[in-house]
Amino acid sequence: MQCGYKNLYSGKEDKRGRFQWQDTPPDDLGTVVEDAESAKWALLVRNVKAYNDPRRVLKIHSIVVQSPLLKSLLGEVLQGYPGVTVELDRLEFSGRFEPIIHRWSEFKGKIEELQTPHDANLQSKKDTTTREHAELLQKILVKEFQDVVEVSQDMKAKGVMTFDLLWTLFQPGSLIYTRQENQDRVFKLHSSKYGEDRHGNPVFWLTCKYVDFDGSKFGTIKLNLSIHSYAGTRTITSLSAFPFSFHRNTKELSERLVSRGTKFESLAGSHYKGYNGIGWKQGSFGEKDKYAIKGRVIVDTYGWNRFNANNGVYVAPFTQKEQATSNRNSYDDESPDDDYEGGYDECDGGMPVDGAFADDEEEQKFPPLSTEQKLIATHLVRGYSLKEKLWLNLFVNAIQEVTWSGGAFDSLVLPSKQKELILGFTETQSKHRQTFDDVIEGKGKGIILLLCGPPGVGKTLTAESVAEEMKVPLFMMSAGDLGLDPRNVESKLQSILEMCTRWNAILLLDEADVFLEQRSLHELERNKLVSIFLRILEYYEGIMFLTTNRVNTFDPAFQSRIHISLDYPELSIDSRKTVWKNFLNQTQQENTITDKQLDQLALMNMNGRQIKNVLKTAQLLASRKESPLTHEHVVTVLDVTQHLHNSTMETERARSAIFA
Ligand SMILES: Nc1ncnc2c1ncn2[C@@H]1O[C@H](COP(=O)(O)OP(=O)(O)O)[C@@H](O)[C@H]1O
Ligand SMILES: [Mg+2]
0 MQCGYKNLYS
10 GKEDKRGRFQ
20 WQDTPPDDLG
30 TVVEDAESAK
40 WALLVRNVKA
50 YNDPRRVLKI
60 HSIVVQSPLL
70 KSLLGEVLQG
80 YPGVTVELDR
90 LEFSGRFEPI
100 IHRWSEFKGK
110 IEELQTPHDA
120 NLQSKKDTTT
130 REHAELLQKI
140 LVKEFQDVVE
150 VSQDMKAKGV
160 MTFDLLWTLF
170 QPGSLIYTRQ
180 ENQDRVFKLH
190 SSKYGEDRHG
200 NPVFWLTCKY
210 VDFDGSKFGT
220 IKLNLSIHSY
230 AGTRTITSLS
240 AFPFSFHRNT
250 KELSERLVSR
260 GTKFESLAGS
270 HYKGYNGIGW
280 KQGSFGEKDK
290 YAIKGRVIVD
300 TYGWNRFNAN
310 NGVYVAPFTQ
320 KEQATSNRNS
330 YDDESPDDDY
340 EGGYDECDGG
350 MPVDGAFADD
360 EEEQKFPPLS
370 TEQKLIATHL
380 VRGYSLKEKL
390 WLNLFVNAIQ
400 EVTWSGGAFD
410 SLVLPSKQKE
420 LILGFTETQS
430 KHRQTFDDVI
440 EGKGKGIILL
450 LCGPPGVGKT
460 LTAESVAEEM
470 KVPLFMMSAG
480 DLGLDPRNVE
490 SKLQSILEMC
500 TRWNAILLLD
510 EADVFLEQRS
520 LHELERNKLV
530 SIFLRILEYY
540 EGIMFLTTNR
550 VNTFDPAFQS
560 RIHISLDYPE
570 LSIDSRKTVW
580 KNFLNQTQQE
590 NTITDKQLDQ
600 LALMNMNGRQ
610 IKNVLKTAQL
620 LASRKESPLT
630 HEHVVTVLDV
640 TQHLHNSTME
650 TERARSAIFA
């Protein structure tokens, strides 16, 4: 075997582009174009035949910058421009020469700088040569793109632009302003190109990036914006998206957006907050289902992804550097590739990078966002509305701090020992959630309290005020919310319990009788419900209140599951008096009701809810007459609602049921 190599050459190609190898070089080889001779020129200009242009036969295909001096000058001009690496041996520009045209004024500025040195004597030969090379490039480009460069510069200066020259306005890496859902948004431009929307209309596509949080990390999401084609010129600020620098009030606006971004950053993780505004979710036909929300919400993107996987939010981590992708786009007028088919609101935030949920580390510390990242942060967070029981997109601006109704627990009228027991038990339990545990992990960390008693005596209020006192969310649920189909019940209940554990919330299952009643031989479906409930209860890790009116038909299996069972008797005379007094003290409205009159009112057999309702009506009556609330008013209402005429327990019981 000889140590060496032999060259083989490709022969003639057939129609399909296949060829035979041969040992002689093909005949029509020609000579190398870029040789020592061409290397001495500062620029190589490659020309191609121009078609479809009656004004010329040749057009520039690309320019190779060979002059090292010019390369370093362009390096300064194009600093930070994504996708251009001036350090390369062969710096090549092609197509529409976007980078240089986007930075045309910087380029011109550099040339002028070289023309007017601070000290004429110091002007080095190097500077002169650099200037000459730069002017050469400028001349070639001006000759070729005169109309584009001049017209675009002129229009920009006047604040207008034509559709055809929109590309000169949008520089990759720059900030873009637009409004979404009536909110100011600023995006970072990734790339742009002409194409079509999904109905085939010509549009200019802007692929933008914004900052979002996906439950485990901050990162970016891409979103396509489009500008529909228009005739003639339009004011830049009237475009549906335009460079942020053209905004009339960049300073004030960026301050506002950065502070919104700061708030957005602080909402990472899960947070119990107040809300007053619109929340929306994606409806089944692509439209937005909107809800007016005034109340408590839990901001929690991890939970959103977990319980709402169809609309999950996933971001690309920041570390994945911009450069990696920005060269990908070509500005040719080819048909739009997949990236652009989506349309205005399409974004790539729908899938986790590797299809798996990231681990949720509660105490995770995130590196702080930069000012620019805050500026381009999303205007939405995801959260759960406790009243509506829905996962919704919430506006960062409408999130508020919770206003705790202090004294809710104080106004609860119960024997003081009972109150102490409830609060003591729940507080210690939530503090030492890890300490009492069953042998099997995840089993038996919870605490379950059963409250039984007639309607209107403060069972629901107990759960509400304990949650308020402990400053944790209260998840209220009744059997009706779960339905009766065992299959649905199980999965619904499971996710609710999981959410409550996650948020350290108190779960209130009101009117839980259906789930607690003794299993019987005949009602198979209901038996299933009870079994499911029993099983799930055992694995629950949070605090749960169950309320019920009937207590005697309990399934015996519950006895071991329930930690405290409290009996709520009908309110005593003393309790009723306190309830009357509390309600009177709570309102701003003046009243002339004496202690003696209160004693009288307390004699009437009413429950807490009835007292509340009667007082509310009496207050309305008084304010209609523009007088302070008097005993008279209360008696009038009692009379009309017939509380005065019945004092026997029997009818009272029936009445309670009606009023409840
Ligand atoms: N023991 C009580 N102490 C203070 N207020 C009460 C009491 N019982 C009832 N109320 C009043 O009646 C309203 C309804 O009570 P609620 O807790 O819903 O009754 P239940 O759940 O037992 O049917 C409460 O919001 C509260 O204003
Ligand atoms: Mg109730």
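Residue 0 is where the sequence shown starts when you use numbering that gives the first Met the number 0, and the numbers rise one by one after that. C-beta atoms are modelled at their ideal positions from N, C-alpha and C, and glycine is treated no differently.
Do residue 280 and residue 392 have their beta-carbon atoms positioned less than 8 angstroms apart in this structure? yes
How many Å lie between residue 522 and residue 563 at the Cα? 28 angstroms
Using DSSP with H/G/I as helix, E/B as strand and the rest coil, what is residue 567? coil
Classify residue 211 as buried or exposed, calling it buried when 16 or more other Cβ atoms lie within 10 Å of its own Cβ. buried
Can you find a heavy atom of ligand 1 that lies under 7 angstroms from the Cβ of residue 608? yes
Sort 129, 183, 107 by Cα distance to residue 152 and report the nearest one. 107
Separation of residue 525 from residue 559, as counted between CA atoms: 20 angstroms
Residue 74 in three-state terms, based on DSSP: helix
Measure how close the beta-carbons of residue 389 and residue 290 come, nearest whole angstrom, since I'm counting them as under 8 angstroms. 7 angstroms
Closest Cα partner of residue 371 within the set 174, 616, 309: 174
Under three-state DSSP, which class holds residue 50? coil
Report yes if the C-beta of residue 405 is less than 7 angstroms from at least one heavy atom of ligand 1; otherwise report no. no
May I ask you to list the residues that DSSP assigns as paired with residue 91? 63
Alpha-carbon to alpha-carbon, residue 427 and residue 536: 20 angstroms
Mind checking whether the beta-carbon of residue 578 lies closer than 7 angstroms to any heavy atom of ligand 1? yes
Would the beta-carbon of residue 614 fall within 8 angstroms of that of residue 635? no
Taking 7 angstroms as the cut-off, is the CB of residue 455 close to at least one heavy atom of ligand 1? yes
Does the beta-carbon distance from residue 528 to residue 485 come in below 8 angstroms? yes
With a threshold of 8 angstroms on Cβ separation, who are the neighbours of residue 367 within its own chain once the five nearest residues in sequence on each side are excluded? 264
To which residues of the same chain is residue 633 closer than 6 angstroms at the C-beta, ignoring the five residues directly before and after it? 617
What first and last residue would you give for the alpha helix (DSSP H) that runs through residue 537? 523-538
Threshold first: 3 residues or longer. Then list the beta strand (DSSP E) segments lying entirely within the stretch 233-315, N to C. 240-242, 269-281, 287-299
From this set, 226, 476, 250, which residue's C-alpha is nearest residue 201's C-alpha? 226
To the nearest angstrom, report how far apart residue 507 and residue 493 are at their CA atoms. 14 angstroms
Just checking residue 410 against ligand 1 - is the residue's beta carbon closer than 7 angstroms to any of the ligand's heavy atoms? yes
I want to know whether the stretch 94-107 touches the stretch 0-20 - three or more CB-CB distances under 8 angstroms. no
Please give me, in chain order, every unbroken run of the beta strand (DSSP E) with length at least 3 that falls completely inside the stretch 155-212. 159-161, 174-179, 182-195, 201-212
May I ask you to check if the CB of residue 640 is nearer than 7 angstroms to at least one heavy atom of ligand 2? no
Under 8 angstroms, do residue 456 and residue 607 count as touching if we go by C-beta distance? yes
Inter-residue CB distance, residue 246 and residue 176 (contact presumed, cutoff 8 angstroms): 5 angstroms
Evaluate contact between the stretch 410-426 and the stretch 293-309, counting only Cβ atoms and requiring at least three cross-stretch pairs below 8 angstroms. no
Do residue 241 and residue 209 come within 8 angstroms of each other at the CB atom, strictly closer than that value? no
Residues bridged to residue 446 (per DSSP): 542
Taking the alpha-carbon positions, what's the residue 232 to residue 249 distance? 23 angstroms
Would you list the residues sitting across from residue 505 in a DSSP beta bridge? 473, 542
Please work out which residues of its chain come closer than 7 angstroms, Cβ to Cβ, to residue 44, disregarding the five sequence neighbours upstream and downstream, and give them in chain order. 59, 62, 139
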